[in-house]
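Notes follow once the structure below has been shown.
Numbering (my numbering), first residue to last: 67 to 254.
What follows is the structure, given as structure tokens:
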């Protein structure tokens with residue numbers, strides 16, 4: 067197979083994410099694993115055909131550990147609105163966790179004291195890398211970076227989802243801090 071261009075990789079990655087995280091008609095087992103053949107059929111049925119080699123290349127990309135592959139099975143590691151795998155290991159992240167959100171959400175998070183909630187997902191997604199959080203958060207408008215220092219001190223259970231991603235059921239307002247922009251650009 068020839069090298070996939072960046073645009074094709076992104077389209078396949080988004081299609082995989084939708085199918086594995088949100089499509090209630092894709093047959094999966096209780097841990098969220100789908101057969102590769104079923105996934106390829108679902109992609110074709112939605113007008114997004116891809117070859118098994120393309121799907122596996124995207125799913126196994128080291129720079130984007132959003133998916134897992136085992137034999138002829140594939141699943142999304144996190145982000146589900148349908149049946150979600152419940153086998154993420156509980157752990158303690160090294161350092162600070164970050165989450166970026168659209169600035170319009172700050173009133174609900176802080177003034178209404180709702181904190182971070184999973185919304186349509188099963189858990190709140192946080193990362194150990196501020197840049198990763200900002201890239202994800204800006205999809206919904208101008209993003210504000212939030213941090214969680216020492217989640218255990220706030221009674222938060224963290225589950226490792228792979229790569230730099232951690233899952234928490236909800237994050238209360240008292241555990242959150244807004245990261246000033248100048249901190250992002252200062253040398254560490």
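Beta carbons are placed, not taken as given, at the ideal position from N, Cα and C, and that holds for glycine. All figures in this text were calculated on a predicted structure; none of them were measured in a lab.
Can you tell me where the beta strand (DSSP E) holding residue i begins and where it ends?
i, result
"residue 226", "224-228"
"residue 127", "Neither: residue 127 is in no beta strand (DSSP E) and is coded neither H nor E."
"residue 165", "163-168"
To which residues does DSSP link residue i through a beta bridge?
i, result
"residue 155", "226"
"residue 43", "Residue 43 falls outside the range modelled here, since the chain spans only 67 to 254, and no answer is possible."
"residue 191", "233"
"residue 243", "213"
By the DSSP assignment, the alpha helix (DSSP H) with residue i in it spans what residues?
i, result
"residue 26", "Examination of residue 26 is not possible in this model, given that the chain is present from 67 through 254 alone."
"residue 175", "Note, residue 175: premise wrong, no alpha helix (DSSP H); not H, not E."
"residue 141", "No alpha helix (DSSP H) contains residue 141, which is instead part of the beta strand (DSSP E) from 139-142."
"residue 79", "72-88"
"residue 197", "196-203"
Should residue i go down as buried or exposed, given a rule of 16 or more other Cβ atoms within 10 Å for buried?
i, result
"residue 99", "buried"
"residue 183", "exposed"
"residue 136", "exposed"
"residue 69", "exposed"
"residue 85", "buried"
"residue 206", "exposed"
"residue 159", "buried"
"residue 133", "buried"
"residue 170", "exposed"
"residue 165", "buried"
So what does DSSP say about residue i, is it helix, strand or coil?
i, result
"residue 237", "strand"
"residue 186", "coil"
"residue 120", "helix"
"residue 211", "strand"
"residue 114", "coil"
Are the beta-carbon atoms belonging to residue i and residue j less than 9 Å from one another?
i, j, result
"residue 220", "residue 237", "yes"
"residue 118", "residue 92", "no"
"residue 192", "residue 186", "no"
"residue 161", "residue 225", "no"
"residue 196", "residue 168", "no"
Return yes when at least one heavy atom of the ligand MN lies under 8 Å from the C-beta of residue i, else no.
i, result
"residue 101", "As far as ligands go, the structure on display features none, and thus does not contain the ligand MN."
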